[in-house]
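Sequence order for the protein chains is V and W.
284 is the number that full-length UniProt numbering gives to position 284 of the first sequence; each next residue is one higher, with no gaps.
102 is the number that full-length UniProt numbering gives to position 102 of the second sequence; each next residue is one higher, with no gaps.
Beta carbons are placed, not taken as given, at the ideal position from N, Cα and C, and that holds for glycine.
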Amino acid sequence: MNPDLPPHYDPGAPLPNLPGHSSGGRLERILRSGRFAVTAELNPPDSADPRDVYDRALVLSEVCDAINATDASGANCHMSSVGICSLLTRAGYAVIMQISCRDRNRIAIQGDVLGAAAMGVQNILCLTGDGVQAGDQPQAKPVFDFDSTSLLNCITTMRDKGQFLSGRKLTTRPQVFLGAAANPFVPPFEWRGDHIGKKIAAGAQFIQTQYCYDVPLLRQFMEKVRENRLHEKAFFLVGVGPLPSAKTGRWMKNNVPGVHIPEPVLERIEKAKDQKAEGKQLCIDLIQEISEIDGVAGIHVMAYRQEEFVNEIIHASGVMKNRKPRRAPRPAEQTQSGPGALAPAAS
Amino acid sequence: MYAVRLWSVRHARGLNRFYQAFEKALVALHPLWNRIGYDKLEQPFQKLEKASKGFLFDCQMCGQCVLSSTGMSCPMNCPKTLRNGPCGGVRPNGHCEVKPEMKCVWVQGWQGAARMDDGLEKIRNVQHAVDYSIKGKSAWLRVVRMTRKIGEFAPKPVKAPVAKPAAPKAQASEGKAA
């Protein structure tokens with residue numbers, strides 16, 4: 001062991017906060033250094049096996065700066081974001097924990113924020129959440145105690161004032177980099193730019209958008225963002241994803257709340273001989289086009305059940321050209337001893 | 001009623017102007033309210049508020065009215081009770097994700113705000129999470145107390161312990177009376 005290092009040195013421990021940074025996380029460092037950031041969404045397993053999480057994270061790790069752990073997105077039940085973050089942080093991954101306001105009230109969420117920060121979560125994405133009617137259990141009681149903006153305000157209070165919403169003091173503050181979501185592709189288009197300003201005023205430091213298949217609408221939104229100088233206050237990461245087929249695209253458009261796919265895009269995929277390959281190419285083209293837009297700080301890849309293509313898409317798009325691909329963190333531990341030790345004894 | 005609610009958003013400017021004058025009158029009448037007693041007034045005010053705002057805005061009596069900051073479109077009619085703007089699920093026709101037959105409360109809200117004198121400034125205010133402990137109470141009386149800094153909004157006494165010994169005595173006397 002290096003004698004210069006303190007005896008308690010742990011290579012997996014979080015980095016210290018740089019001056020002016022809210023977290024010690026990689027994502028914040030990449031963004032603040034002005035480099036183009038890539039985040040990707042992990043498709044949460046319907047399983048209690050940690051290997052399912054590690055396997056999916058491994059294929060994303062080389063090309064992305066942080067992995068989003070979704071919180072029952074689309075109101076469908078999956079492994080929780082807290083659970084996924086717990087597994088990923090112990091393997092040294094940088095994660096973005098998503099918190100949706102649909103399922104938990106303010107008491108539960110504030111507790112989760114502290115727990116997450118204690119586990120090493122350094123990025124939190126505050127979401128309203130899809131309505132319960134969209135998911136597999138529409139009988140559920142929708143909570144929505146917070147909305148995404150008041151949730152941002154709450155976590156900002158915890159981090160910057162060191163207290164719960166009630167005013168009760170925290171002994172250690174959660175050092176997290178806070179994000180919010182934007183959807184420039186649904187009405188009211190003319191106010192979406194103002195609305196995101198409100199989230200930034202409430203504490204959002206980075207923004208991840210819904211799937212972008214309509215670049216003109218994104219340009220219109222980014223114009224408003226630049227007009228309000230919001231791109232100087234928060235980092236905008238635009239959501240992209242490969243469409244496996246035109247049929248899936250149509251289904252998403254009609255059934256997933258907030259997804260907007262223009263007809264010409266679907267036609268382009270429909271006409272192709274190999275729809276899957278065309279979907280990937282479309283995604284690559286979109287990334288290249290989006291990365292040229294002034295004020296865009298990165299992309300957020302949501303490749304639902306196609307994680308294995310993310311690597312290829314990012315490399316082909318060339319957005320990482322100035323950066324060396326990172327080695328996946330501690331792969332030996334992830335695939336063998338780490339999750340193996342955690343797996344149920346029966347398996 | 002849904003149709004009246006949409007009418008109110010279309011007439012957001014007039015309604016807001018009326019309310020601003022009404023609020024001023026309410027605050028000015030504080031000596032009268034104080035004489036009658038805010039506790040006594042609570043129930044009649046709740047009924048009045050529920051009838052008038054219920055008719056105009058489908059008011060849900062959250063007890064902390066923010067209509068002036070939401071373009072006169074009541075955010076408690078949003079199925080997700082969002083108080084800071086639309087979610088990302090708004091349908092292409094501007095209708096609600098959860099109730100497809102209803103226009104999005106926040107698409108309406110932003111339209112109403114654009115019609116109001118100071119709507120577009122006020123809609124930028126970040127609204128905190130709803131205080132469910134005052135749900136059903138009169139928001140009007142609360143505004144008066146807030147403006148006049150009385151009741152729960154009174155500046156807190158510097159020496160809090162002084163009030164403490166008084167409380168058990170009061171309880172004791174009540175006990176005797178009973």
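### Query
For a contact meaning CB atoms closer than 9 Å, what does W/Lys80 contact in chain V?
Cys101, Arg102, Thr128, Gly129, Gly131, Pro142, Phe144 and Asp147
#### Entry: CB contact check: W/Pro155 to chain V, cutoff 8 Å
no
### Query
So, are the CB atoms of V/Leu88 and V/Val82 less than 8 Å apart?
no
### Message
Counting only Cβ-Cβ distances shorter than 8 Å, please list the residues of the region 245-270 of chain V near chain W, keeping chain order.
### Response
From the region 245-270 of chain V, only Pro257, Gly258 and His260 have a Cβ closer than 8 Å to chain W.
### Message
Taking the beta carbon of W/Trp7 as the centre, do at least 16 other beta carbons fall within 10 Å, making it buried, or is it exposed?
### Response
exposed
### Span separating the alpha-carbon of W/Gly109 from that of W/Met72
6 Å
### Query
When you compare only the Cα positions, how much space is there between W/Pro58 and V/Pro187?
According to the sequence shown, residue 58 of chain W is Asp rather than Pro. Whole-angstrom Cα-Cα distance: 23 Å.
### Under 8 Å between C-beta atoms of V/Phe235 and V/Ala297
Result yes, Cβ atoms of V/Phe235 and V/Ala297 sit closer than 8 Å.
### Task
Can you check DSSP and say which residues form a bridge with V/Gln208?
BP columns for V/Gln208 point to V/Ala181 and V/Leu237.
#### Entry: Pair within 8 Å by beta-carbon distance, W/Gly77 and W/Val105
For the record, residue 77 of chain W in the displayed sequence is Asn; it is not Gly. By the CB criterion at 8 Å, W/Asn77 and W/Val105 fall inside the cutoff.
### Message
Helix, strand or coil for V/Val38? Go by DSSP, reduced to three states.
### Response
strand
### Query
Who are the near neighbours of W/Lys137 in its chain, counting only those whose CB is closer than 6 Å to its CB and skipping five residues on each side?
Gly63
### Query
Any heavy atom of the ligand ZN within a distance shorter than 7 Å of the CB on W/Trp140?
Inclusion of the ligand ZN in the displayed structure is not the case, the ligand content being empty and no account of it being possible.
#### Entry: Closer than 8 Å at the beta carbon, the chain W residues around V/Val113
Correct list: empty, because the minimum Cβ distance to chain W is about 14 Å.
### Query
Is the CB of V/Asn183 under 8 Å away from at least one CB in chain W?
yes
### Task
Reducing DSSP to helix, strand and coil, say where V/Ser347 ends up.
Below a pLDDT of 50, predicted positions are generally treated as unreliable, and V/Ser347, at 36, falls in that range; the measurement from the model is reported next regardless. V/Ser347: coil per DSSP, three-state reduction.
### Query
By DSSP, does V/Met97 sit in helix, in strand, or in coil?
Here V/Met97 sits in strand by DSSP.
### Task
Say whether chain V places a C-beta atom closer than 8 Å to the C-beta of W/His30.
Chain V, which has no Cβ nearer than 8 Å to the Cβ of W/His30, makes this no.
#### Entry: Counted within 10 angstroms of its Cβ, other Cβ atoms place V/Tyr93 as buried (16 or more) or exposed
buried
### Task
Kindly list, in the order they appear in chain A, the residues whose Cβ is closer than 9 Å to that of W/Ala129.
Given the protein chain composition of this structure (V and W), no chain A is represented.
### Query
Does any C-beta atom of chain V lie closer than 8 Å to the C-beta of residue 264 of chain W?
One cannot answer for residue 264 of chain W here, as it falls past the ends of chain W, which runs 1 to 178.
### First and last residue of the uninterrupted beta strand (DSSP E) at V/Lys124
As written in the sequence, residue 124 of chain V is Ile, which differs from the Lys given in the question. Boundaries of the beta strand (DSSP E) around V/Ile124: Asn123 to Leu127.
### Message
For W/Val66, report the span of its beta strand (DSSP E) as first-last.
### Response
Segment: none, W/Val66 is in no beta strand (DSSP E) and carries neither H nor E.
### Query
Can you name the residues of chain V whose CB is closer than 8 Å to the CB of W/Pro92?
Val186, Pro187 and His260
### Query
Given that a residue counts as buried once 16 or more other Cβ atoms are within 10 Å of its Cβ, and exposed if not, what is W/Ile123?
buried
### Task
Look at the Cβ atom of W/Arg83, then the Cβ atom of W/Gln127, and state whether they are nearer than 8 Å.
yes
#### Entry: Close beta carbons around V/Leu218, own chain, < 8 Å, minus the five adjacent residues each side
Pro184, Phe185, Thr209, Cys212, Val238, Ile290 and Ile293
### Message
Need the endpoints of the alpha helix (DSSP H) that V/Asn153 sits in, please.
### Response
Ser148 to Thr156
### Task
Could you work out which residues of chain V lie near W/Arg124, taking near to mean beta carbons separated by less than 8 Å?
Asp194, Gly197, Lys198 and Ala201
### Query
Near V/Ile284, which residues of its chain fall below 8 Å by C-beta distance, leaving aside the five closest residues on each side in sequence?
Ile313, Ala316 and Ser317
### CB contact below 8 Å: residue 389 of chain V versus chain W
Since the first and last residues shown for chain V are 1 and 347, residue 389 of chain V lies out of range.
#### Entry: Cβ shell of V/Thr335 (< 6 Å), same chain only, five flanking positions each side left out
Because V/Thr335 carries a pLDDT of 44, less than 50, the predicted location of this residue cannot be relied on, and the following value inherits that uncertainty. If we look at V/Thr335 and ignore the five residues flanking it on each side, it has no Cβ neighbours.
### Task
Just the chain W side, please: which residues come within less than 7 Å of V/Gln210 by C-beta, in chain order?
When 7 Å is used as the limit between beta carbons, V/Gln210 is near these residues of chain W: Gly88, in chain order.
### V/Asn68, enclosing beta strand (DSSP E) - first and last residue
Taken as a continuous stretch (DSSP letters only), the beta strand (DSSP E) holding V/Asn68 covers Ala66 to Ala69.
### Query
When burial is assigned at 16 or more other CB atoms within 10 Å of the CB, is W/Thr81 buried or exposed?
buried
### Query
Where V/His231 and V/Lys198 are concerned, what is the direct C-alpha to C-alpha distance, given to the nearest angstrom?
13 Å
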